[in-house]
Amino acid sequence: MPHTRNYRLLVLIAFLQGIVFYAPIATIYRRTYGLDIQGLFLIESISWILTVILEAPWGRFADRFGYRRTLLVGNVVFLASKVVFSFASGFSGFLAERLLLSLALSALSGCTEALLYRSVGAAESDKAFGRWHAASGFGLLVASIAAPLLYAGSLRITAYGTIVPYAAALACSYLLVDMGEGQELRRSGSPQPGSGLRYALAALSKDRGLMLFLVASAVMGEAAQSATVFLAPLQYERAGIPIAAFGALFAAIQGVALAAAGSWRIVRAFGRERVFRSLLTIVALSLAALALSDAAALGVVALLAIAVSAAMFRPLSASLQNERVVGSERATALSVNAMVAELVAAALNVGVGRAAGAGLPIGFGVLAAITAAMAFLPRRALGRRPGDV
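What the sequence shown shows, in the numbering used here, is residues 1 to 389, in sequence order.
Dropping the structure here:
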């Protein structure tokens, strides 16, 4: 049964947690306070590995003790990570922040998507996930417009300011209502169709198409994150773009990311498989352009194309994964999916970090080649369900 209040609250929380004032200068911020690009990617890899370890236990916790309780704990830790970031310096300081972030994200990832899917129902999931992701992008857009006013005084102020919306998001979490499938079945006394970590792993191992899709999803996410967040400021410097323009460029990237809200319309018109392949191809070509050219205009257009493609990919990925859940414990199944994707992302992070350390064009080139390969995955991996013809 749809639960409108949950849906609205989750969209509001996504918006508030999108307000990260330091995002336009994230790499510059870390470099200013003692973290080089190789250290940044090493921390990212450590973070991914920890998230992988924690994903399944958090999913199991959510299915046993409730989505709301899990989201509350996760958002408390999420807020704590922003507090630590505000005074972090050097490798150890930023590592501590990222470890807290891993703890928070592993709690929130599968649980939030499971609660959203349960709150809106299967028929509206594509649209709901699109708007949910767009809300996060809109929050980042607001933050990036305001950011230049903050970092004109001090980079630290951008981190202090980010604490406020995260505290508000935590407050919103208290108003959520639980809608866990496993809990409802236990209360009703009905037999559960499948539960537990072993069951989720076994179900995923039988769906080879979904496993391949998770690899593609991880590559798409890592390519977009690396290009538009970590490497974009370095590309701007390479192209001779002044730092004063970084905020406006980041705002533009987040603005086009609002296209996620309309991704469901494109899928209905062209089909998931065709849309997935097209988005992967666009990202691969854009990364290749960044590798081969330091022209400012081309670089900005390429980054915008990556941002809009990744933004459209995310809600479709979330909807597809929810549709393929087998068993009664949705959060556990989604956490297992995330665990697989994060293993891929962690491995990719190490390679991209080393490549970017050797040269920015090399980093973009590696990402382009891997993303291009994902566009040629078999049909069963890109939008087709078991039994589809």
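Built from N, CA and C at the ideal position, the CB exists for glycine as well.
Beta-carbon spacing of residue i, residue j below 8 Å
i: M312; j: E55; result: no
i: F276; j: I25; result: no
i: A227; j: L287; result: yes
i: G137; j: Q254; result: yes
i: I362; j: A369; result: no
i: A346; j: V52; result: yes
i: W264; j: D178; result: no
i: Y160; j: A331; result: no
i: L95; j: S81; result: no
i: V326; j: L334; result: no
i: F21; j: A146; result: yes
i: I37; j: R98; result: no
i: Y7; j: L116; result: yes
i: A134; j: A261; result: yes
i: A224; j: V283; result: yes
i: L105; j: A167; result: no
i: L353; j: F41; result: What sits at residue 353 in the sequence shown is Gly, not Leu. Yes, the Cβ-Cβ distance between G353 and F41 is below 8 Å.
i: L197; j: R60; result: yes
i: L141; j: A251; result: yes
Candidates the options: closest to residue i by CA position
i: P165; options: T281, R379 and I19; result: I19
i: E222; options: D126, G240, A62 and F364; result: F364
i: F87; options: A167, T32 and A296; result: T32
i: I241; options: V73, A295, R330 and Y22; result: A295
i: R390; options: S335, T4, F270 and S92; result: Residue 390 falls outside the range modelled here, since the chain spans only 1 to 389, and no answer is possible.
i: R238; options: F61, L360 and A80; result: L360
i: G139; options: I306, L348 and V256; result: V256
i: R314; options: I145, R131, R156 and C172; result: R131
i: L210; options: S89, T158, I266 and E273; result: E273
i: V120; options: H3, K206 and L201; result: H3
i: A248; options: L212, S144 and A203; result: S144
i: G39; options: I306, G90, F15 and L316; result: G90
i: A203; options: V336, A152 and L377; result: V336
i: L444; options: I243, L316, Y199 and R69; result: Given a span of 1 to 389 for the chain in the structure shown, any question on residue 444 remains unanswerable.
i: L316; options: F213, A62, G74 and A305; result: F213
i: L348; options: Y151, A305 and S45; result: S45
Status (buried if at least 16 other CB within 10 Å, exposed otherwise) for residue i
i: A318; result: buried
i: Y236; result: buried
i: A107; result: buried
i: R379; result: exposed
i: V416; result: Because the chain in this structure spans residues 1 to 389, residue 416 falls outside the shown range and cannot be described.
i: I17; result: With the sequence shown as reference, residue 17 is identified as Gln, and Ile is not the correct amino acid for it. Buried, since its Cβ has 16 or more Cβ neighbours within 10 Å.
i: Y393; result: Outside the displayed range of the chain (1 to 389) lies residue 393, so it cannot be described from this structure.
i: L149; result: exposed
i: S205; result: exposed
i: G110; result: buried
i: F376; result: exposed
i: G387; result: For G387, the pLDDT reaches just 42, beneath the cut-off of 50, and the residue's location in the model is therefore unreliable, although a value from the coordinates is still provided. Result: exposed.
i: L292; result: exposed
i: R208; result: exposed
i: A114; result: buried
i: G153; result: exposed
i: G74; result: buried
Beta-carbon proximity list for residue i, same chain, < 7 Å, skipping 5 on both sides
i: A259; result: V308, A311 and M312
i: A232; result: L303
i: T112; result: L10 and L71
i: L298; result: A289
i: L201; result: V336
i: R385; result: Bear in mind that a pLDDT of 48 at R385, under 50, signals an unreliable position, so the number given afterwards is only what the model happens to contain. The residues are E323 and R324.
i: V389; result: Residue confidence for V389 is low, a pLDDT of 33 falling below 50, so the modelled location carries little weight; the figure read from the coordinates is stated next. Once the five neighbours on either side are set aside, V389 has no close Cβ partner at all.
Range of the contiguous alpha helix (DSSP H) that encloses residue i
i: S317; result: A296 to E323
i: R380; result: Taken as a continuous stretch (DSSP letters only), R380 belongs to no alpha helix (DSSP H), as it is neither H nor E.
i: I266; result: S263 to F270
i: E222; result: R208 to Q225
i: H133; result: S125 to Y151
i: T70; result: Y67 to F85
i: P233; result: A232 to R238
i: G161; result: L155 to S173
Chain-order list of residues whose beta-carbon lies under 6 Å from that of residue i (same chain, five-residue window excluded)
i: M374; result: A216, V219 and L280
i: T27; result: F230 and P233
i: G189; result: Confidence at G189 is low in this model, with a pLDDT of 48, below 50, so its placement is unreliable and no value can be given for it.
i: S102; result: S47, L50 and T51
i: L12; result: C172
i: R5; result: none
i: E342; result: W48, T51 and V52
i: R118; result: M179
i: A305; result: I282 and S286
Cβ-heavy atom distance, residue i to the ligand ZN, below 7 Å
i: E237; result: The ligand ZN is not part of the structure shown, which contains no ligands of any sort.
Same chain, Cβ closer than 8 Å to residue i, neighbours up to 5 away in sequence not counted
i: G122; result: Going by the sequence as given, residue 122 is Ala instead of Gly. Excluding positions up to five away in sequence, the list reads N322 and E323.
i: T162; result: I19, V20, F21, Y22, K82, F85, S86 and A143
i: A14; result: W132, H133, A135, S136 and G139
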